[in-house]
Every structure is written in C-alpha cells, then in structure tokens.
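**Student:** Be aware that the sequence shown starts at 101, since it is given in our numbering, and climbs by one per residue.
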Amino acid sequence: MTHAQAPAKDRAMLIGAVLVGALGLYVLALDQGLLLSLFQGEIAFDMNLFHEVVHDARHTAGFPCH
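1) With a threshold of 8 Å on Cβ separation, who are the neighbours of Asn148 within its own chain once the five nearest residues in sequence on each side are excluded?
2) Specify, as a first and last residue, the run of the alpha helix (DSSP H) that Gln140 falls within.
3) Starting from Phe150, trace the alpha helix (DSSP H) in both directions and tell me its first and last residue.
4) Contact defined as beta carbons within less than 8 Å: I believe Phe150 pairs with Leu138. What is the distance between those atoms, to the nearest angstrom?
5) According to the neighbour-count rule (16 or more other Cβ atoms, all chains shown, within 10 Å of its Cβ), is Ala122 buried or exposed?
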C-alpha cells in the first residue's frame, strides 16, 4: 500500500515546486508592488520593495524594468 501513495506524494511535491518557482519568477520578473499591495495598500506601489530587492537580478536575467 505504501507503493501506491508514493506517486501521489511525488506529484504533490512537483506541483508545489512548480508553484513556488512560478511565484519566484513573478517576483523577479514582473512584480511592481502588486504583491505587497495586498497587505500594505497603495503605499506598496510607491515603495516598490520587491522591485528594489531584486533590481540587479532582473537586469542580469535580461528583464527590463525601466
């Protein structure tokens, strides 16, 4: 019975890894304050914290941001 559960666990881990990877790519490449605005409100667009933290990584990866 443990053999039948292993593929389901592996599938769940794969889906989790893909979701975390997609979130990381979004933060690196696209986020301009939207993600934190869910918690901070409009000030997140002015502060643009994630953009500033990953600014150099964006340019290194080839994503333009300004």
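Note that the Cβ used here is the ideal one computed from N, Cα and C, for glycine as well. Quick caveat: nothing in here was measured; it's all calculated off a predicted structure.
**Tutor:** Short version:
1) Walking along the sequence shown from the start, residue 148 turns up at place 48. The answer, listed in chain order, is Gln132, Gly133.
2) Translated into the one-based positions of the sequence shown, residue 140 becomes position 40. Segment 134–140, the alpha helix (DSSP H) holding Gln140.
3) The residue labelled residue 150 in the question sits at position 50 within the sequence shown. Run containing Phe150: 149–153, per the alpha helix (DSSP H) assignment.
4) Here residue 150 refers to the residue found at position 50 of the sequence shown. Here residue 138 refers to the residue found at position 38 of the sequence shown. The beta-carbon separation of Phe150 and Leu138, rounded to 12 Å, does not stay under the 8 Å limit for a contact.
5) Against the sequence shown, residue 122 aligns to sequence position 22. Ala122 should be labelled exposed.
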